[in-house]
Amino acid sequence: MNKNCAVILAGGEGTRMHSQKPKVMAELLFKPMIDHVLAAARKAGVDDICVVTGYQAPILEAHLAGRAATVRQTERLGTGHAVMQAVDYLRTGDFENVLILNGDAPFMDSSTIAEALAYHERRGFVQTVISARIEEPYGYGRIVRDFNGDFVAIVEEASADKETKKINEINSGAMWFKKDALLYLLSRITNENSKGEYYLTDTVGIAVNEKMRVGAYTAKNADAVLGANTRVQLNELNERLRHKILNRLMLSGVSIPCTDGVIIDNDAVIGPDTVILPGTIIKEGCEIGENCVIGPGTVLYKTKVASGSTLNQVQAEEAVVGENARLGPFVHLRPNTVIGNSVHCGNFVEVKNSTVGDHTSVSHLTYVGDSDVGKGVNFGCGVVTVNFNGKTKNRCVIGDDAFIGCNTNLIAPVRVGDRAYTAAGSTITEEVPDDALAIARNRQQNKPGWVIKRKPYRDKKY
Ligand code: UD1
Ligand code: CA
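All letters in the sequence shown, in the order written, are residues 289 to 750 by our numbering.
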């Protein structure tokens, strides 16, 4: 079976971004624009992808390593010239159709791509351009149709006359080609225009002249064509996408009483009756159950939170939180942390690479690192698992229902048994057996009258 492939154009500098990075690395909801474009192609079923890099190519090549093939365009001579760099890639693969995408148009979506392909195949076109009708066509290539409504050319802004400039159907930059037709048309493009560039869009006029069948598929989603040339436009795209996602979540039962500073990745799964409060950022790979309260000021990344939990001013990365947990304010969960059901972590608590059993309470100023904590444990204020000796990391094990006194240092590797106590201020270096109390601190001595002999440090009256 013949396959389809995609060539994504991403060589441009994007001068107006004023960036040291390739333009397509500019971020939309924390993901480079190129990643949105790649995801749309993949979701439309196109897995063979070649990205044309150019400005700051090594940055983009490193970013794409293992995810897409790349070819370099060493000089920026236009979109047609960019596609020419992928000719060897196209020749060596057994492809029937080629999808061209602009790396700086992150709103192109998989349904539009798939619908355009269906249209392209049904009509037997050699080239199908994805177009859209928009209110402000300035800057885009215009779709020119003849008196029958047949698509005959794309005219760029720079070459457009007054009448052409009025056309509000524009070229999205995305198009499907039959591979053989694309290879032929590329060989026919010239740079005889005011900018001296090889325009990919000239392929349409050439094909029409040679009686090849071309078409324009008008996207139902006109937003699919939007791109960003400046950071102001990037902010507009961010806001559009942000509100689109928030609106979808609200319509599915998530409460967001105030959307200020709330940014949620499109892939987030959030259950009904969960409330998201201002300043909450939910990045990729998060799942949140029902009836949770997330925020204010909470940042989650690749984190799962089960139903009924409250996360107030929490930062969590690659963590799992059970049901009815109460976290915050000011809690940091670092990677590989599993928090059980009904756990409480309070002010200034950090947990890393640890499991914390159900009903355990870690209320204040505590570090739990590389530890396995049982159920129903109570941590006093200021406990530290001393997991690093300067060379290696070691684990602490704390049994069920243990009671760790305030300011205990647990020098790993060490185990505190089930139901065992440590006295406040202890530095625990040896195993504490089940049901034992460990006291590891100096006994207090009082020296009566010592201050009078020494003379008090403050002798003035207030
Ligand atoms: C292009 C289209 C225009 C369309 C618009 C949609 C052409 C000539 N014009 O214009 O009809 O309406 O997209 O957004 O195709 N690139 C390279 N190498 C180059 C030049 C560009 O890789 O030498 C890449 C850019 O990084 C970008 C894409 O091609 O991702 C489009 O190039 P850009 O210069 O932004 O074209 P537009 O002026 O937007
Ligand atoms: Ca552009």
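Just so you know, even glycine gets a beta-carbon here, dropped at the ideal spot from N, CA and C. The structure displayed is predicted, hence computed values, not measured ones.
query	result
Beta-carbon spacing of S595, V563 below 7 Å	no
Contact test: R364 Cβ vs ligand 3 heavy atom, cutoff 6 Å	In terms of ligand content, the structure shown lacks ligand 3 and carries ligand 1 and ligand 2 instead.
Classification of K311 by the beta-carbon crowding that lies within 10 angstroms, buried from 16 upward	buried
From V550, D561 and P560, residue whose alpha carbon lies closest to that of V587	V550
DSSP-derived helix/strand/coil call for Y377	helix
Assigned secondary structure, H369 (DSSP; H/G/I helix, E/B strand, else coil)	helix
beta-carbon G664 near ligand 2 non-hydrogen atom, thresh 6 Å	no
Any non-hydrogen atom of ligand 1 within 6 Å of V340 CB	yes
Short Cβ contact (7 Å threshold) for V581 with T598	yes
Backbone CA spacing between H652 and K640 [nearest angstrom]	16 Å
CB contact flag (T591, C574, <7 Å)	yes
Proximity test, G515 beta-carbon vs ligand 2 heavy atom, cut-off 6 Å	yes
R430 vs A406 beta-carbon contact at 7 Å	no
Between the CA atoms of V671 and I401 - distance to the nearest angstrom	56 Å
Within 7 Å, strictly: CB atoms of N624 and G610	no
Within 7 Å, strictly: CB atoms of A512 and L389	no
The segment 416 to 435 touching the segment 502 to 512, judged by at least three CB pairs closer than 8 Å	yes
Cβ-heavy atom distance, Y487 to ligand 1, below 6 Å	yes
Test item: CB-CB of I692 and T717 under 7 Å	no
Burial state of F318 (16 or more Cβ within 10 Å)	exposed
Reference A495; option with closest CA among D660, R519 and A469	A469
Buried versus exposed, by CB contacts within 10 Å (16 or more), R703	buried
Own chain residues within Cβ distance below 7 Å of M289, not counting five before or after	In this prediction, M289 has a pLDDT of 46, which is less than 50 and means its spatial position is unreliable; what the coordinates show is noted afterwards. Around M289: no qualifying Cβ.
N292 (DSSP reduced to helix, strand or coil)	strand
Delimiting residues of the alpha helix (DSSP H) encompassing Y472	K467 to R476
Whole-number beta carbon distance between E349 and T362, since they are thought to touch under 8 Å	13 Å between Cβ atoms; not a contact.
Test item: CB-CB of L473 and T491 under 7 Å	yes
Extent of the continuous beta strand (DSSP E) to which E485 belongs	It is not in any beta strand (DSSP E) - E485 carries neither H nor E in the DSSP assignment.
Validate contact between the segment 373 to 385 and the segment 322 to 342 using beta carbons, cut 8 Å, 3 pairs	yes
Given 8 Å, three or more beta-carbon pairs between the segment 520 to 530 and the segment 424 to 442	no
Exposure of I740, with buried meaning 16 or more beta-carbon neighbours within 10 Å	exposed
Closer than 6 Å: D434 CB and nearest ligand 2 heavy atom	no
Counted within 10 angstroms of its Cβ, other Cβ atoms place G541 as buried (16 or more) or exposed	exposed
Close-in-space but distant-in-sequence residues of the same chain around N600 (CB under 6 Å, 5 per side omitted)	G616 and P617
Beta strand (DSSP E) segment containing N635, residue limits	H632 to K640
I392 CB to nearest heavy atom of ligand 2 below 6 Å	Looking at the sequence itself, residue 392 is Asp, so the reference to Ile does not match. Checking every heavy atom of ligand 2 against the Cβ of D392, one is found closer than 6 Å.
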